[in-house]
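Its first residue numbered 1, the sequence shown is counted upward by one per residue in the UniProt record's numbering. Ideal Cβ positions, reconstructed from N, Cα and C, are used throughout, including at glycine.
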Amino acid sequence: MRSVSDERLGKILIAAGGTGGHVFPAQALAHYLYKLGFQPTLVTDRRGMEFGCDQVGIPCHLVYASPFSRRNWFGILLAAIKSGVGMIQARFLIRQLGPVAAVGFGGYASLPTMLIASHMKLPTVIHESNAVLGRANRLLAS
């Protein structure tokens, strides 16, 4: 097994929604991957940053995202615009970092990054810690 002092292994992008239920498991995986020699980077929305995302010693990036309302047309339009901006941000981030894989932990904030990672043919993994798949992971799994 390689030691952490050796050259770091590939970069792994970890996308998580902005709640503690998504961010804390993502941070735990990031720390574990770092100990194994990988270079993890967390991607979340502004809510995820409030959980100390940038204070855990792992690089963290912000992407725009918004939940999709099921009833309000203005909310749907606004969410589509924000998520579109988030996908553009994710595309630039993936090109800049050159990760070897992406891991999604659910939540609407993970959607832009994971959709673009999949579109760019990166190997992707979806993690769901609940008994029932959430809407974001259900969409990504299809």
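Distance, residue j Cα to residue i Cα
i: Leu77; j: Ala117; result: 23 Å
i: residue 143; j: Lys11; result: This structure cannot settle anything about residue 143, because the visible part of the chain is limited to 1 through 142.
i: Ala90; j: Pro112; result: 7 Å
i: Ala15; j: Arg46; result: 13 Å
i: Ser142; j: Glu128; result: 14 Å
i: residue 172; j: Pro25; result: Coverage of the chain is limited to positions 1 through 142, which leaves residue 172 absent and any answer about it impossible.
i: Asn72; j: Gly37; result: 46 Å
i: Gly52; j: Gly17; result: 14 Å
i: Gly48; j: Val103; result: 16 Å
i: Val125; j: Phe74; result: 32 Å
Buried versus exposed call for residue i [16 or more other C-beta atoms within 10 Å across all chains shown]
i: Tyr32; result: exposed
i: Ser83; result: buried
i: Met1; result: Per-residue confidence for Met1 stands at a pLDDT of 46, beneath the threshold of 50, marking its modelled position as unreliable; the derived number appears in the next sentence. Exposed, by the Cβ-count rule.
i: Asn130; result: exposed
i: Val4; result: No answer about Val4 holds up, because its pLDDT of 46 lies below 50 and its placement is not dependable.
i: Phe105; result: buried
i: Val132; result: exposed
i: Val63; result: buried
i: Ala28; result: exposed
Heavy atom of the ligand HEM within 7 Å of residue i beta-carbon
i: Asn72; result: Only the bare structure without any ligand can be found here, which leaves the ligand HEM out of the picture.
Paired residues, beta bridge with residue i - DSSP
i: Gly18; result: Paired residues: none, contrary to the question.
i: Val125; result: Val103
i: Val43; result: Ala15 and His61
Beta-carbon proximity check, residue i vs residue j, cutoff 8 Å
i: Pro67; j: Ala79; result: yes
i: Val43; j: Leu122; result: no
i: Arg9; j: Pro99; result: Per the sequence shown, residue 9 should be read as Leu rather than Arg. Their beta carbons are not under 8 Å apart, which means Leu9 does not touch Pro99 by this criterion.
i: Met120; j: Leu140; result: no
Residue closest to residue i, alpha-carbon to alpha-carbon, out of the options
i: Ala30; options: Thr41, Gly20, His22 and Leu115; result: Thr41
i: Gly21; options: Gly134, Leu13 and Gly57; result: Gly134
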